[in-house]
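**Q**
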Amino acid sequence: MRFGTLLVLFGCLLTSPIVSSSLSYAAARHVRCFQGHDAAAPLYQALLEENPHDGTTATRIAASPWAMQRLQHIGSYDTADRIRTLLQQANYTSASVNAVLGAHRTCPCPVYVKPARAGQTNWTTTQEKLTTPVSVLVALFLLGLAVPRASLPEQWLQTGMVVPCDFDSSLVMAYVSLYPFDLPTGETLYFVTDWHPHVLSMTTRFLAEEEPVMYLGPDSLALAHHFILGVEETVEQWLDLCTGSGIQAILAVKRQLCLHAVGVDVNPRALRLAAFNARLNQVEDDQITFLQKDLLQDDPVPGNYQVITANPPFLPVPPQIPVHRHGWFSSGGPSGAAVVQAILQQAQNGLLEPGGKLAMVSEFFAKDGVYPPTGFGRALLFTNASPLSVTEYARRRADSATEYRIWRDHLADYDHMSPGLLYLHNTPQPSWNHVSVPASSYGSLWTPGNVDAIQFTRECSQEYLGWFQS
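Residue numbers -21 to -1, 1 to 449, in mature numbering (1 follows the signal peptide of the UniProt record, and there is no 0), belong to the letters of the sequence shown in order.
1) Can you check which of these residues, Thr172, Gly209, Asn290, is closest to valine 192 by C-alpha distance?
2) My assumption, with CB atoms under 8 angstroms, is that asparagine 363 sits in contact with proline 398. Please give the rounded CB distance.
3) When we look at the beta-carbon of glutamate 438 and count the other beta-carbons within 10 Å, is it buried (16 or more) or exposed?
4) Within 10 Å of its beta-carbon, does valine 232 have 16 or more other beta-carbons around it, so buried, or fewer, so exposed?
5) Can you check whether the CB of proline 94 is closer than 8 angstroms to the CB of leucine 121?
6) Quick check: glycine 354 and proline 409, are their CB atoms within less than 8 angstroms of each other?
7) What whole-angstrom Cβ distance do glycine 123 and tryptophan 174 have, given they're in contact under 8 angstroms?
8) Which parts of the segment 59 to 141 are runs of the alpha helix (DSSP H), unbroken and 4 residues or longer, counting only runs that do not cross its ends?
9) Enumerate, from N- to C-terminal direction, the unbroken beta strand (DSSP E) stretches of 3 or more residues contained entirely within the segment 337 to 422.
10) Do proline 295 and histidine 389 have their beta-carbon atoms positioned less than 8 angstroms apart in this structure?
11) Ordered along the chain, which non-local residues of its own chain (more than five positions away) have a Cβ less than 6 angstroms from that of serine -2?
12) Given this structure, state the Cα-to-Cα distance separating proline 281 from arginine 63, to the nearest angstrom.
13) Which runs of the beta strand (DSSP E) spanning at least 3 residues fall entirely within the segment 161 to 208, listed in chain order?
14) Would you tell me roughly how many angstroms separate the C-alpha atoms of valine 416 and threonine 370, rounded to the nearest one?
15) Who are the near neighbours of alanine 59 in its chain, counting only those whose CB is closer than 7 angstroms to its CB and skipping five residues on each side?
16) Can you tell me whether residue 450 is helix, strand or coil according to DSSP?
17) Can you tell me where the alpha helix (DSSP H) with valine 262 in it begins and where it stops?
18) With which residues is phenylalanine 269 paired in a DSSP beta bridge?
19) Can you name the start and end residues of the alpha helix (DSSP H) that threonine 288 belongs to?
20) Kindly indicate which residue of Glu188, Ala129, Pro89, Gly329 has the alpha-carbon position closest to the one of threonine 167.
21) What are the partner residues of aspartate 219, as DSSP defines its beta bridges?
22) Look at tyrosine 56 and glycine 139 and say whether their C-beta atoms are less than 8 angstroms apart.
23) Closest to cysteine 12 by C-alpha separation, out of Pro297, His177, Asp219, would be which residue?
24) Measuring CB atoms only, is the segment 272 to 290 touching the segment 217 to 224, in the sense that at least three cross pairs come out at less than 8 angstroms?
25) Mind checking which residues open and close the alpha helix (DSSP H) that includes leucine 26?
26) Pull up the distance between the alpha-carbon of glycine 242 and that of leucine 2, whole angstroms please.
27) At which residues does the alpha helix (DSSP H) containing leucine 230 begin and terminate?
28) Roughly how many whole angstroms lie between the Cα atoms of serine 130 and threonine 38?
29) Going by other Cβ atoms of all chains shown within 10 Å of its Cβ, with 16 needed for buried, is leucine 274 buried or exposed?
30) Do you know how far the Cα of leucine 252 is from the Cα of glycine 225?
31) Have a look at the DSSP bridge pairing and note the partners of alanine 153.
32) In angstroms, rounded to a whole number, what distance separates the CA positions of alanine 317 and glycine 311?
33) For serine 310, which residues does DSSP report across the bridge?
34) Once DSSP output is grouped into helix, strand and coil, what is the label at threonine 213?
35) Per DSSP, what kind of secondary structure is serine 440 in: helix, strand or coil?
36) Would the segment 195 to 214 and the segment 66 to 84 be scored as touching if the rule is three or more Cβ pairs under 8 angstroms?
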């Protein structure tokens, strides 16, 4: 189900975006991307004056003179217990969220949705749909909409994550996304992340050494669904590389798959939010450790581990594209594989114990119809049976006709690209297997809750690697 459909079901999609007579949202976004928040804020303030019913969190954060200061403090307040209580009182579960959005699949997470872009929705059309506490939180934390202050318990304003709008105090908005994740045991976990780039430009920097934290995208959810929810045995040490919000490490601890987990990320902000999410989900300090490390420049990660999970940055960003257009969690260097290769090299050099398992989610590019092998251990690569052509991939990544040509020329040596999962078993006899995952009525490999794809990858993992034994 696509984002537009979800907004129609929620009753808040206009027939066309709000249009300003003197200034376009596209022009304001361009300034925000290339000159930063402070330069763009007056432009968004002017847009709000012309369009006071613009109901998007994106516009209202971009217009706020105090947005950067507020964003800097996300995750630093000791409010995890209060937030968990409020979420539980509202019955904010994946199942209840899916019901609000009109999605009835068996899925341990909300259907993946992209929040509204600036100027995309009108808050007056949303109010009539805010009939339950869950619907208010869906609008606030997933769809990126401002909601009437009266629709939300006042305690939310004491969490540091929900703030009255600077230009209309009758509205409140969330400065973060907040996702529920239902475990098979019936417990619901919660994950705070920064907003999708639709709301926060990829270039938004809160401090010189910090960048936004990756939202829970289809890649994060695919790694959790296909691998972590299928593992049963318990190991002593679990390593999660490029941990971001900490979802994989926290899931491993909560499912009792390890005695101790270590989450590694280059971004101090990611580590702060991951630690907050651990507290939010009542993970004890001695169960999890978060470590800052640049996998491309720093010394190797210390220790050795029985299981490694990784969701590295993988965009093959052309050198001509300004570097600030893509943050730490997305850019994998010109080839897209810089961090992927660093992880595989460290795993081979002792980070992954003999007999250990590595599970990585990434995008994979084929040349002459072939995906390059790892050359290490028994490896199994899953990609979609219907991959994207590089021209279509370039179209989706580009922000203009000029950028499309740059992306297309940069990827000219490749045939196609597919989202994928790479499993590796550290055994003395290396082998390489590539399996295409057929599409089904549930979607493709990364589609959240695609039970057909999950069953397929687990059966193949059993056949090729001996994993996921029933």
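Beta carbons are placed, not taken as given, at the ideal position from N, Cα and C, and that holds for glycine.
**A** Checking against the coordinates, here is how it stands:
1) The alpha carbon of valine 192 has as its nearest neighbour, out of Thr172, Gly209, Asn290, the alpha carbon of Thr172.
2) With a Cβ gap of about 6 angstroms, asparagine 363 and proline 398 count as contacting.
3) With fewer than 16 neighbouring CB atoms inside 10 Å of its own CB, glutamate 438 falls in the exposed class.
4) Counting Cβ neighbours within 10 Å, valine 232 comes out buried, since at least 16 surround it.
5) Yes, they are a contact pair.
6) Yes, they are a contact pair.
7) So it is a contact: roughly 7 angstroms between Cβ atoms.
8) Segments of the alpha helix (DSSP H) lying fully in the segment 59 to 141: 59 to 68, 73 to 80, 112 to 120.
9) DSSP runs (the beta strand (DSSP E)) wholly in the segment 337 to 422: 357 to 363, 395 to 404, 410 to 416.
10) Yes; because the gap between Cβ atoms is below 8 angstroms, this pair is in contact.
11) Low confidence applies to serine -2: its pLDDT is 46, below 50, so where it sits in the model is not reliable enough to give any reading.
12) Between the alpha carbons of proline 281 and arginine 63 lies a gap of roughly 33 angstroms.
13) Entirely contained in the segment 161 to 208, the beta strand (DSSP E) runs reaching 3 residues are, in chain order, 167 to 172.
14) Distance between the alpha carbons of valine 416 and threonine 370 is about 22 angstroms.
15) Here alanine 59 has Phe255, Arg258, Leu259 as same chain residues with Cβ atoms under 7 angstroms from its own Cβ, once five neighbours each way along the sequence are excluded.
16) No statement about residue 450 is possible, as the shown extent of the chain runs from -21 to 449 and does not include it.
17) DSSP places valine 262 outside any alpha helix (DSSP H), giving it a letter other than H or E.
18) Phenylalanine 269 is bridged by DSSP to Gly242.
19) For threonine 288, no alpha helix (DSSP H) segment is defined; the enclosing uninterrupted segment is the beta strand (DSSP E) at 284 to 289.
20) The shortest CA-to-CA distance from threonine 167 to any of Glu188, Ala129, Pro89, Gly329 is the one to Pro89.
21) Partner(s): Gly242, Thr288.
22) A contact, by the Cβ cut-off of 8 angstroms.
23) Per the Cα distances, His177.
24) Contact holds: three or more Cβ-Cβ distances are below 8 angstroms.
25) Here the alpha helix (DSSP H) through leucine 26 covers 16 to 29.
26) Distance between the alpha carbons of glycine 242 and leucine 2: 44 angstroms.
27) DSSP places leucine 230 inside the alpha helix (DSSP H), whose first and last residues are 226 to 233.
28) Our two residues, serine 130 and threonine 38, have alpha carbons roughly 21 angstroms apart in a direct line.
29) Around the C-beta of leucine 274, 16 or more other C-beta atoms lie within 10 Å, and the residue is accordingly described as buried.
30) Rounded to the nearest angstrom, the two C-alpha atoms are 8 angstroms apart.
31) Its beta-bridge partners are Val141.
32) Alanine 317 and glycine 311 have their C-alpha atoms spaced approximately 5 angstroms apart.
33) DSSP lists Leu294 as partners of serine 310.
34) In the three-state scheme derived from DSSP, where H, G and I count as helix and E and B as strand, threonine 213 is classed as coil.
35) Taken through DSSP and simplified to helix, strand or coil, serine 440 comes out as helix.
36) Contact check between the segment 195 to 214 and the segment 66 to 84: fewer than three CB pairs, one atom from each, fall below 8 angstroms, which does not count as touching.
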